[in-house]
Structure formats: C-alpha cells, structure tokens
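Numbering (the working numbering), first residue to last: 712 to 888.
Given below as structure tokens:
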C-alpha cells in the first residue's frame with residue numbers, strides 16, 4: 712500500500728469515527744425549546760441591507776411577520792396549462808373506445824365468415840388485434856400528451872386520426888354484419 716493510499720484510508724476511518732461520535736452525542740432539551748432564528752442579509756432596492764428574514768419594524772413589513780421582500784418584485788401567478796385536461800381525456804378515451812369497437816366488429820364479422828381483416832399488417836386473431844390496437848392507441852396518447860405539454864396546437868391530431876381510422880373499421884364491420 713502506498714503512502715497516499717494509507718493516508719486516505721486513515722483519513723476516511725477518522726472521519727467515519729467522528730461522524731459516529733457526533734451521532735451519539737446527546738442534545739440538552741433546553742436547546743430544543745425555542746427554534747433557532749435564521750438571519751440573512753437581503754439587499755434592498757436603495758442599497759440598505761435588511762437584517763433578518765422577518766421584519767420587526769413597522770415601517771417595512773409591519774408587525775404581522777410578513778417576509779421581507781427587499782429587492783424582489785411580486786409577480787402575478789402564471790396560469791399553467793394543464794396537460795391532462797378534460798378534452799385530452801375525452802379525445803384519447805374516445806380513440807380507445809373506437810379501437811375496441813373496431814376490434815369487436817371485425818372479430819364478429821370474421822367469426823360469421825362474412826369478411827376478413829382489410830389491413831394486411833393486422834393479425835386476424837383477437838389477442839393480436841387487441842395487442843396492436845392497444846399499442847397504437849397508447850402511442851397516439853403518448854404523442855398527444857407530449858405535443859400538448861410542449862404547447863403545440865396540433866396535439867389533437869394523433870387521437871383524431873385514430874378515431875377516424877377506427878371509425879372506418881367499425882363502420883365496415885356494421886356494413887357486413
């Protein structure tokens with residue numbers, strides 16, 4: 712072991728022992744009765760320092776204990792755009808519902824031997840269609856959420872496309888019923 716490694720190991724052991732001794736130290740309850748006052752120095756707009764976080768003089772903030780706002784401006788609250796709003800849930804929920812209706816009508820039509828799946832990439836089994844539909848709806852909802860979060864005005868396009876595509880599939884299923 713080199714001298715540097717030995718010194719580092721000794722320092723780590725000593726620091727660890729100090730930390731253990733500090734953790735085992737007892738604190739008298741008299742020190743815990745009153746919370747400690749925190750003081751800070753804030754720069755006022757007229758370059759006069761203000762001591763303390765809470766002012767006790769009546770000229771700056773009154774005796775109500777309001778925080779001192781020297782050098783800071785009060786800003787009105789910013790209206791936050793809710794990403795997951797009622798319209799978001801309605802549109803994406805309708806997309807999911809139309810997808811389920813499309814799969815149901817397609818399976819009913821296939822079971823009666825009156826039609827077949829028109830999409831060559833879509834499997835003919837129920838489990839396969841539900842899996843592909845869930846993946847498409849999930850991706851469309853994710854894309855819609857990301858677009859709405861970044862304040863894009865086109866966030867509704869992904870679920871609307873899914874609604875139209877599944878609506879055509881469900882209408883075809885009703886036509887061949």
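Built from N, CA and C at the ideal position, the CB exists for glycine as well.
Within the same chain, Cβ atoms closer than 8 Å to the Cβ of residue 825 are found at 887, 888, the five residues on either side in sequence being excluded. Residue range 797-822 is occupied by the alpha helix (DSSP H) that includes residue 819. Residue 884 places its beta carbon 7 Å or farther from that of residue 786. For the 7 Å CB-CB criterion, residue 873 and residue 851 form a contact.
By a beta-carbon distance limit of 8 Å, residue 848 contacts residue 806. Their separation comes to about 6 Å. Residues of the same chain with a CB within less than 8 Å of the CB of residue 821, apart from the 5 flanking positions on each side, are 827, 828, 835 in chain order. The C-alpha of residue 788 is placed about 29 Å away from the C-alpha of residue 853. For residue 804, the number of other beta carbons within 10 angstroms of its own is below 16, and it is reported as exposed.
Note on residue 869: 16 or more other CB atoms within 10 angstroms of its CB, so buried under the neighbour-count rule.
For residue 809, the number of other beta carbons within 10 angstroms of its own is at least 16, and it is reported as buried. 814 is the residue among 814, 856, 713 whose C-alpha sits nearest the C-alpha of residue 833. With a 10 Å radius around the Cβ and a threshold of 16 neighbouring Cβ atoms, residue 802 comes out buried. A straight-line Cα-Cα distance of about 13 Å links residue 882 and residue 811. With respect to the C-alpha of residue 863, the residue from 715, 794, 716 having the closest C-alpha is 794. In the three-state reduction of the DSSP assignment, residue 832 falls in the coil class.
Boundaries cannot be given for residue 713, as no alpha helix (DSSP H) includes it and DSSP labels it neither H nor E.
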